[in-house]
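Trainee:
In this note's numbering, the protein residues as written are 137 to 220.
This is the structure in structure tokens:
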């Protein structure tokens, strides 16, 4: 996992500002978040704190679609994820 802010995206992301939930532990744990930007390959998520968020989880968007995510970077209140 990287701490770098250097750009490594393969697809352009578009500003989103959508509500979503990070879901893990067999759907027993959820954390509310905001999708700040989104592409076909990944997203930037804002939350109160990324502490306790595992390296992979499901992201449930406000339209009820679900994307499996792998964390690629973490900051104070943001994480970058790759879909897959």
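Positions of the beta carbon are idealized from the N, C-alpha and C atoms, including for glycine. Given the structure is predicted, the values throughout are model-derived calculations rather than measurements.
Grab me the residues of residue 203's own chain with a C-beta within less than 6 Å of its C-beta, minus the 5 sequence neighbours each way, in chain order.
Mentor: Working through the chain shown from its first residue, we reach residue 203 at position 67. Around residue 203: 195 and 219.
Trainee: If I measure Cβ to Cβ from residue 184 and keep anything under 7 Å in the same chain, skipping five residues before and after, which residues do I get?
Mentor: Indexing the chain shown from 1 puts residue 184 at position 48. If we look at residue 184 and ignore the five residues flanking it on each side, its Cβ neighbours are 213.
Trainee: Helix, strand or coil: how does DSSP classify residue 179 here?
Mentor: As a working mapping, residue 179 is identified with position 43 in the chain shown. Residue 179 falls in the strand class under three-state DSSP.
Trainee: Between residue 217 and residue 178, what straight-line distance do the alpha-carbon atoms span, to the nearest angstrom?
Mentor: The sequence position of residue 217 within the chain shown is 81, counting from 1. The sequence position of residue 178 within the chain shown is 42, counting from 1. So the two alpha carbons sit approximately 5 Å from each other.
Trainee: In terms of alpha-carbon separation, which member of 153, 182, 175 and 173 lies closest to residue 167?
Mentor: Position 31 of the chain shown, counted from the first residue, corresponds to residue 167. Residue 167 has its Cα closest to that of 182, out of 153, 182, 175 and 173.
Trainee: Under the DSSP definition of a beta bridge, which residues are partnered with residue 166?
Mentor: Within the chain shown, the letter at position 30 stands for residue 166. Per DSSP, 159.
Trainee: Which of the three DSSP states, helix, strand or coil, is assigned to residue 184?
Mentor: Counting from one through the chain shown, the residue named residue 184 turns up at place 48. DSSP places residue 184 in coil when its eight states are reduced to three.
Trainee: State the beta-bridge partners of residue 215 as determined by DSSP.
Mentor: The sequence position of residue 215 within the chain shown is 79, counting from 1. The partner list for residue 215 (beta bridge, DSSP) reads 181 and 210.
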